[in-house]
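With the numbering used here applied, the sequence shown corresponds to residues 3 to 219, in that order. The block underneath contains the structure these notes are about, expressed in structure tokens.
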Amino acid sequence: MPPKSSLAMVQTGPRKIERMDLPVPDITDYTALLRIEACGICGSDYEQYEGVLNMPMPVVPGHEPLGVIEAIGDEAAKRWKVDVGDRVCVETMLSCRFCGPCLGGSYHLCEDRRIYSYIPIDEGPGLWGGYSEYMFLDANSIVHKIDKDLPAEIAVMFNPLGAGFRWAVEIPNTKPGDTVVIMGPGQRGLSSVVATKQAGAKTVIVTGLEADRPKMQ
Numbered sequence: 003m004p005p006k007s008s009l010a011m012v013q014t015g016p017r018k019i020e021r022m023d024l025p026v027p028d029i030t031d032y033t034a035l036l037r038i039e040a041c042g043i044c045g046s047d048y049e050q051y052e053g054v055l056n057m058p059m060p061v062v063p064g065h066e067p068l069g070v071i072e073a074i075g076d077e078a079a080k081r082w083k084v085d086v087g088d089r090v091c092v093e094t095m096l097s098c099r100f101c102g103p104c105l106g107g108s109y110h111l112c113e114d115r116r117i118y119s120y121i122p123i124d125e126g127p128g129l130w131g132g133y134s135e136y137m138f139l140d141a142n143s144i145v146h147k148i149d150k151d152l153p154a155e156i157a158v159m160f161n162p163l164g165a166g167f168r169w170a171v172e173i174p175n176t177k178p179g180d181t182v183v184i185m186g187p188g189q190r191g192l193s194s195v196v197a198t199k200q201a202g203a204k205t206v207i208v209t210g211l212e213a214d215r216p217k218m219q
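The following block contains the structure:
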């Protein structure tokens, strides 16, 4: 049985985070509850913490969650092809599935999209972020099953690794023999290096600062 409450780190304002116990919601046929194993830290998490991003608060931060399905509705299990005990990662965005971009397959351009960790806790059920023991999975979530044998500190890199493939291979349609220039060797930049080499790029050029040189060794 899932617990009745979840410990969560709640951002109440710029540079203000409080520890709170939030109620764990009941799960419907189309939703699920994720027991958090790890959550990545994105550059936008820092901006969120500093108050740079314009969003309602309080919120539970964390939009790169990795965890285990604690409870799941029958329809959600069929739709996502996962069940209780499965380890999954969760995509950041919640799309409406009805607007033009969604119907065209570009759910990331949804006109009414919401983002995990940017939804305030006063919008039920509240557990909208990964900086918590448990996280609510909305019916419009997109989840991916992850190998249970993969160490958590590696598995939680799914977001920057996935971004490297999408940004450097899928969107530009990188092909074998191509020359690719990647501007900046951050997490996603280095992920782009791996992705383009795997895609068969002949030459991969990475630009950066002198201080970035150790990242390339």
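The beta carbon of each residue, even a glycine, is placed where N, CA and C say it ideally should be.
Give the straight-line distance between the Cα atoms of residue i and residue j, rounded to the nearest whole angstrom.
| i | j | result |
| --- | --- | --- |
| Val-90 | Gly-15 | 30 angstroms |
| Met-22 | Gln-13 | 10 angstroms |
| Ala-201 | Met-159 | 19 angstroms |
| Thr-198 | Pro-4 | 42 angstroms |
| Val-86 | Tyr-133 | 21 angstroms |
| Glu-77 | Ile-156 | 30 angstroms |
| Phe-138 | Glu-212 | 43 angstroms |
| Glu-20 | Val-61 | 10 angstroms |
| Ser-46 | Leu-55 | 8 angstroms |
| His-110 | Pro-27 | 27 angstroms |
| Trp-130 | Pro-63 | 8 angstroms |
| Ala-73 | Lys-80 | 13 angstroms |
| Lys-18 | Ile-123 | 15 angstroms |
| Cys-104 | Ala-170 | 22 angstroms |
| Ile-29 | Asp-149 | 25 angstroms |
| Val-196 | Met-59 | 37 angstroms |
| Cys-112 | Cys-44 | 21 angstroms |
| Glu-49 | Gly-106 | 31 angstroms |
Cβ of residue i within 7 angstroms of Cβ of residue j?
| i | j | result |
| --- | --- | --- |
| Met-57 | Tyr-120 | yes |
| Val-206 | Val-182 | yes |
| Ser-193 | Leu-163 | yes |
| Gly-210 | Gly-186 | yes |
| Leu-24 | Gly-128 | yes |
| Gly-75 | Asp-140 | no |
Buried or exposed for residue i, please, with buried defined as at least 16 other CB atoms from any protein chain shown within 10 angstroms of its CB.
| i | result |
| --- | --- |
| Ala-203 | buried |
| Leu-218 | With the sequence shown as reference, residue 218 is identified as Met, and Leu is not the correct amino acid for it. Counting Cβ neighbours within 10 Å, Met-218 comes out exposed, since fewer than 16 surround it. |
| Ala-10 | buried |
| His-65 | buried |
| Asn-161 | buried |
| Ile-173 | exposed |
| Arg-215 | exposed |
| Gly-102 | exposed |
| Arg-190 | buried |
| Tyr-136 | buried |
| Ser-108 | exposed |
Between residue i and the rest of its own chain, which residues show a CB-CB distance below 8 angstroms, the 5 nearest in sequence each way excluded?
| i | result |
| --- | --- |
| Asn-142 | Leu-96, Ser-97, Cys-98, Arg-99 |
| Gly-179 | Gly-202, Ala-203, Lys-204 |
| Lys-147 | Lys-83, Val-84, Asp-88, Arg-89, Val-90 |
| Gly-53 | Gly-15, Pro-16, Arg-17 |
| Tyr-51 | Gln-13, Pro-16, Arg-17, Ile-19, Pro-63 |
| Ile-184 | Ala-170, Gly-191, Ser-194, Val-195, Thr-198, Val-206, Ile-207, Val-208, Thr-209 |
CB-CB under 6 angstroms to residue i, same chain, minus the five flanking residues each way: which ones, in chain order?
| i | result |
| --- | --- |
| Gly-69 | Leu-36, Arg-37, Ile-38, Glu-39 |
| Gly-42 | Glu-66, Val-158, Asn-161 |
Spatial neighbours of residue i within its chain, please: C-beta separation below 7 angstroms, excluding the five flanking residues on both sides.
| i | result |
| --- | --- |
| Ile-144 | Glu-93 |
| Arg-116 | Leu-96 |
| Ala-34 | Ile-71, Ala-73, Ile-74, Gly-75, Ala-78, Leu-139 |
| Asp-114 | Cys-98, Cys-101 |
Check the Cβ-Cβ distances between residue i and every residue of chain C, and say whether any is below 7 angstroms.
| i | result |
| --- | --- |
| Gly-202 | Absent from the structure: chain C. Only one protein chain is present. |
### Query
In chain order, which continuous runs of the beta strand (DSSP E) of length 3 or greater are located wholly inside the segment 67-131?
67-74, 89-92
#### Entry: Complete alpha helix (DSSP H) runs within the segment 126-203 (minimum length 4 residues, chain order)
154-157, 160-167, 189-200
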